[in-house]
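Just below is one structure, and these are the notes that go with it.
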Amino acid sequence: MKQESQGLEISVVGLGQCGGNIAAEFYKRGYNAVALNTSYTDLRALEALPEENKVYIGVDGRNGAGKDISLGKRSIQINQNKILSIVQRLLSGADVLLLTAGLGGGTGSNLSELATVLEPLKVLTSALVTIPTSGESSITKVNAVKSLNNLLSANLGSIILVDNQKILEQSPNISLASFYSRANSTIAEVFNIFNTINEEADAISIRSFDSEDFKKVFLSSGFVTFGYTTLPSQEPLTSQVLVEKMSELWDSGGIFASGFDFSAAAISAVILFAPKQILTKSSADVFEKFTHAIKEITSGSAVYTGIYQYTKEDKPIKLYAMLGKLPIPSRVKELLSQALDEGKRLSQKVKVEIPKLDLSGLEGVELFSSASMVEPISAKPESKRRSEAERRMLDYDKVIQYLKKETHPQRRNEILQLVLEDYNSEDPDIRRKVIETLGEIGDSSVRAVILKALGDRDKAVQRAAARALEKISGEKPEKE
Ligand SMILES: Nc1nc2c(ncn2[C@@H]2O[C@H](COP(=O)(O)OP(=O)(O)OP(=O)(O)O)[C@@H](O)[C@H]2O)c(=O)[nH]1
Ligand SMILES: [Mg+2]
1 MKQESQGLEI
11 SVVGLGQCGG
21 NIAAEFYKRG
31 YNAVALNTSY
41 TDLRALEALP
51 EENKVYIGVD
61 GRNGAGKDIS
71 LGKRSIQINQ
81 NKILSIVQRL
91 LSGADVLLLT
101 AGLGGGTGSN
111 LSELATVLEP
121 LKVLTSALVT
131 IPTSGESSIT
141 KVNAVKSLNN
151 LLSANLGSII
161 LVDNQKILEQ
171 SPNISLASFY
181 SRANSTIAEV
191 FNIFNTINEE
201 ADAISIRSFD
211 SEDFKKVFLS
221 SGFVTFGYTT
231 LPSQEPLTSQ
241 VLVEKMSELW
251 DSGGIFASGF
261 DFSAAAISAV
271 ILFAPKQILT
281 KSSADVFEKF
291 THAIKEITSG
301 SAVYTGIYQY
311 TKEDKPIKLY
321 AMLGKLPIPS
331 RVKELLSQAL
341 DEGKRLSQKV
351 KVEIPKLDLS
361 GLEGVELFSS
371 ASMVEPISAK
381 PESKRRSEAE
391 RRMLDYDKVI
401 QYLKKETHPQ
411 RRNEILQLVL
421 EDYNSEDPDI
431 RRKVIETLGE
441 IGDSSVRAVI
451 LKALGDRDKA
461 VQRAAARALE
471 KISGEKPEKE
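If you read the sequence shown in the numbering used here, its first letter stands for residue 1, the second for the next number, and so on.
Structure below.
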């Protein structure tokens, strides 16, 4: 967070497309944030984040995990040292790490694996995740419930469940293009409001709710949910109005998953902001009665309170409430039954063999003479120009390991093309790595590039080319 902030120092690590998008929204609000993804394309789209905060963690230079959780898991495992050192370097000094992801994809669904990789940092860690809309695919739903189950056994301070379905219902006519960006800014905004409640410039504290109080509720383990609402400003406050408004907030409002059993909450917080004239008109025991009512609703949770007086009279009364250490909400159980139902149907479909066409009637029918046969399609992929950012993200050590093992010619060629393309980089470090990689894999097919690099404009690249040439053919280049 920004230096002057009084709130918790929260740093965000986003995993997968959704995770990265949410991390970028936090970054825009002054939080430190890093995005990890198996997809170059998705990382490139995060314009708000500096290049060094976007980290490619794919396997063998692949672009995305295609909803395959096991591929996403391998990506995290293979890149665990890289992840750990980047998070340690870029997010040092954080009180809390907030891991963000959309549950359902192949990458973000491995958030519990990421939490395990980051454990050596010994920083309190929470997860903020989205759950899919009812219209999303059965694979997404199955992935989401599996992933949530893994999160339940991870060592987390709390889990915040954002319900994409609820966000969709709140703005049904929104275009798909703006849906995610609207949802993400709401998510980061609501979270930020809670983390900075105590910093409201136009209010003085009567009973303060400080960052330690926030930490107690926020990191109480289990699920956490929070929300805020505005009250009509003219009337004196009564505990009845406060309870009504809060119940509304929990039952329907907000962006978080519904269906929590509030009587199971172990910890709660309510914070009230009101202008002086309202607070002086309201009887002293209103807030006491209100906290008492909350204790009843939550069957005796520990209640943290805050009361703030606005210095400006025209501000609306605001009520913030937070519940912590909650069990699984019924919305997740609903998602589980959809996943079971739709997942089973899909898995049966996948098993059904597609009937073959009966082509016996076409036997002997030749339409072309053998002389007009078209050339077979070349296995060589089209070479594609990669951006400098993509070039920086390729992990050459992994490429070397991969190329040393891979024997399939087409797959080998695809990766080799990626490496060769990077020799076009402006950055001499990248060109040097390319040449070192070519030398390591010892493949004579790349000899021409190494020879070209002997005349590179950078001396270190030239030296690397000489060493590489020696490696692949035992040849020492002649001194000029
Ligand atoms: N709120 C919100 N949800 C998103 C966003 N992007 C994706 N989602 C949802 O998050 C879930 C996972 O999608 P992605 O984040 O694209 O998946 P991924 O983790 O990148 O995984 P792969 O693409 O399979 O590698 C899906 O249910 C999406 O609908 C976003 O920016 N905001
Ligand atoms: Mg993706």
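We treat Cβ as the ideally placed atom computed from N, Cα and C, and that holds for glycine.
If you're wondering where the values come from, they're calculated on a predicted model, not measured in any experiment.
Ligand 1 heavy atom lying under 8 angstroms from the CB of Ser263: Here residue 263 refers to the residue found at position 263 of the sequence shown. Not under cutoff, so the answer is no.
Cross-strand partners of Gly324 (DSSP beta bridge): Residue 324 sits at position 324 when you count from the first residue of the sequence shown. Answer by DSSP bridge pairing, in chain order: Ile267.
heavy atom of ligand 2 below 8 angstroms from Thr196 C-beta: Residue 196 sits at position 196 when you count from the first residue of the sequence shown. Short note on Thr196: C-beta not closer than 8 angstroms to any heavy atom of ligand 2.
CA-to-CA distance, Ala464 to Ser387, given in whole angstroms: Position 387 of the sequence shown holds residue 387. Position 464 of the sequence shown holds residue 464. Computed Cα separation, rounded: 23 angstroms.
Alpha-carbon spacing of Glu212 relative to Gly343, whole angstroms: Numbered from 1 along the sequence shown, position 212 holds the residue referred to as residue 212. Numbered from 1 along the sequence shown, position 343 holds the residue referred to as residue 343. If I take the Cα positions, the gap works out to 43 angstroms.
Cβ-based burial, Glu119 [other Cβ within 10 Å; buried from 16]: Taking the sequence shown and counting its residues from 1, one reaches residue 119 at position 119. With fewer than 16 Cβ atoms within 10 Å of its Cβ, Glu119 is classed as exposed.
Three-state class that DSSP yields for Gln234 in the structure shown: Within the sequence shown, the letter at position 234 stands for residue 234. Three-state result, Gln234: coil.
Alpha carbon of Glu248 to alpha carbon of Phe262, nearest angstrom: Within the sequence shown, numbered from 1, the residue matching residue 248 stands at position 248. Within the sequence shown, numbered from 1, the residue matching residue 262 stands at position 262. Take the alpha-carbon of Glu248 and the one of Phe262: they are about 13 angstroms apart.
Reduced DSSP secondary structure (H/G/I, E/B, other) of Glu51: Taking the sequence shown and counting its residues from 1, one reaches residue 51 at position 51. Here Glu51 sits in helix by DSSP.
Among Leu176, Phe218, Gly72 and Gly58, the one whose alpha carbon lies nearest that of Phe191: The count along the sequence shown starts at 1 and reaches residue 191 at position 191. For the residues Leu176, Phe218, Gly72 and Gly58, the minimum Cα distance to Phe191 belongs to Phe218.
Rounded C-alpha distance that separates Ser283 from Leu237: Mapped onto the sequence shown, residue 283 falls at position 283. Mapped onto the sequence shown, residue 237 falls at position 237. Distance from the CA atom of Ser283 to the CA atom of Leu237, rounded to whole angstroms, is 8 angstroms.
Three or more C-beta pairs below 8 angstroms linking the segment 65 to 74 and the segment 121 to 133: Contact check between the segment 65 to 74 and the segment 121 to 133: fewer than three CB pairs, one atom from each, fall below 8 angstroms, which does not count as touching.
Gln17: CB within 8 angstroms of a non-hydrogen atom of ligand 1: To locate residue 17, count along the sequence shown from 1; it is residue 17. True, at least one ligand heavy atom lies under 8 angstroms from that Cβ.
Backbone secondary structure at Asn173 - three-state DSSP: Numbered from 1 along the sequence shown, position 173 holds the residue referred to as residue 173. Three-state DSSP puts Asn173 in coil, outside helix and strand.
Paired residues, beta bridge with Tyr228 - DSSP: Taking the first residue of the sequence shown as position 1, residue 228 is located at position 228. Per DSSP, Tyr320.
Burial state of Ser337, where buried means 16 or more other Cβ atoms lie within 10 Å: Counted from its first residue, the sequence shown places residue 337 at position 337. Label assigned to Ser337: exposed.
Cβ-based neighbour list, Thr133, same chain, cut-off 6 angstroms, excluding 5 preceding and 5 following: Along the sequence shown, one-based indexing puts residue 133 at 133. Once the five neighbours on either side are set aside, the close Cβ partners of Thr133 are Asn164, Gln165 and Leu168.
Complete runs of the beta strand (DSSP E) confined to the segment 89 to 149 [at least 3 residues]: If we require 3 residues or more, the beta strand (DSSP E) runs fully inside the segment 89 to 149 come out as 96 to 102 and 124 to 131.
Stretch-stretch touch, CB-based, cutoff 8 angstroms, three pairs: the segment 181 to 189 with the segment 25 to 43: Yes, they touch.
Cβ pair Tyr56, Asp395 closer than 9 angstroms: Looking up residue 56 in the sequence shown gives position 56. Looking up residue 395 in the sequence shown gives position 395. In this structure, Asp395 lies closer than 9 angstroms to Tyr56 by Cβ.
Under the three-state DSSP convention, the category Asn481 falls into: This structure cannot settle anything about residue 481, because the visible part of the chain is limited to 1 through 480.
Ser109 beta carbon near ligand 1 (any heavy atom closer than 8 angstroms): For the purposes of this step, residue 109 is taken as residue 109 along the sequence shown, with counting starting at 1. Taking 8 angstroms as the cut-off, the C-beta of Ser109 counts as close to a heavy atom of ligand 1.
Ligand 1 heavy atom lying under 8 angstroms from the CB of Ile83: As a working mapping, residue 83 is identified with position 83 in the sequence shown. Ile83 Cβ: outside cutoff for every heavy atom of ligand 1.
Short Cβ contact (9 angstroms threshold) for Ser85 with Thr38: Taking the sequence shown and counting its residues from 1, the one referred to as residue 85 is at position 85. Taking the sequence shown and counting its residues from 1, the one referred to as residue 38 is at position 38. Contact flag unset, no.
Buried or exposed (CB count within 10 angstroms, at least 16 for buried), Ser175: As a first step, residue 175 must be located in the sequence shown, where it is residue number 175. The residue in question, Ser175, is exposed, as its Cβ has fewer than 16 Cβ neighbours within 10 Å.
Pro232 CB to nearest heavy atom of ligand 1 below 8 angstroms: Within the sequence shown, numbered from 1, the residue matching residue 232 stands at position 232. No, Cβ of Pro232 sits at least 8 angstroms from all heavy atoms of ligand 1.
Of the listed residues Gln410, Asn424 and Lys405, nearest to Arg392 (C-alpha basis): As a position in the sequence shown, residue 392 is number 392, starting the count at 1. Distance from the Cα of Arg392 is smallest, within the candidate group Gln410, Asn424 and Lys405, for Asn424.
Per DSSP, cross-strand counterpart(s) of Asn37: Residue mapping note: residue 37 aligns to position 37 of the sequence shown, counting from 1. Under the DSSP definition of a beta bridge, Asn37 partners with Tyr56.
Neighbour-count burial assignment, Thr298, 16 or more Cβ in a 10 Å radius: Numbered from its first residue, the sequence shown carries residue 298 at position 298. By the 10 Å Cβ count, Thr298 comes out buried.
Cα-Cα separation between Pro170 and Glu113, rounded to whole angstroms: Residue mapping note: residue 170 aligns to position 170 of the sequence shown, counting from 1. Residue mapping note: residue 113 aligns to position 113 of the sequence shown, counting from 1. Looking at the sequence shown, residue 170 is not Pro but Gln. Roughly 32 angstroms separates the two Cα atoms.
Close-in-space but distant-in-sequence residues of the same chain around Gly105 (CB under 8 angstroms, 5 per side omitted): Translated into positions along the sequence shown, residue 105 becomes position 105. If the five residues before and after Gly105 are omitted, its C-beta is found closer than 8 angstroms to the C-beta atoms of Gly16, Gln17, Cys18, Ala65, Lys67, Gly72, Thr140 and Asn143, all from its own chain and listed in chain order.
C-alpha distance - Ile151 paired with Gln77, whole-angstrom precision: For this step, residue 151 is matched to residue 151 along the sequence shown. For this step, residue 77 is matched to residue 77 along the sequence shown. Here residue 151 turns out to be Leu, not Ile, going by the sequence shown. When rounded, the distance between both Cα atoms is 17 angstroms.
Terminal residues of the beta strand (DSSP E) in which Gly306 lies: Start at 1 with the first residue of the sequence shown, and residue 306 comes out as number 306. Bounds of the beta strand (DSSP E) holding Gly306 are Ala302 to Tyr310.
Lys73 Cβ short of 8 angstroms to ligand 1 heavy atom set: Here residue 73 corresponds to residue number 73 of the sequence shown, with the count starting at 1. The answer is no for Lys73.
Cβ-based burial, Pro409 [other Cβ within 10 Å; buried from 16]: In the sequence shown, counting from the first residue as 1, residue 409 sits at position 409. When all chains shown are included, Pro409 counts as exposed.
Option nearest Ser233 by Cα separation, candidates Asn198, Lys471, Leu272 and Gly259: Stepping through the sequence shown from its first residue, residue 233 is reached at position 233. In this structure, Leu272 is the residue among Asn198, Lys471, Leu272 and Gly259 with its C-alpha nearest to the C-alpha of Ser233.
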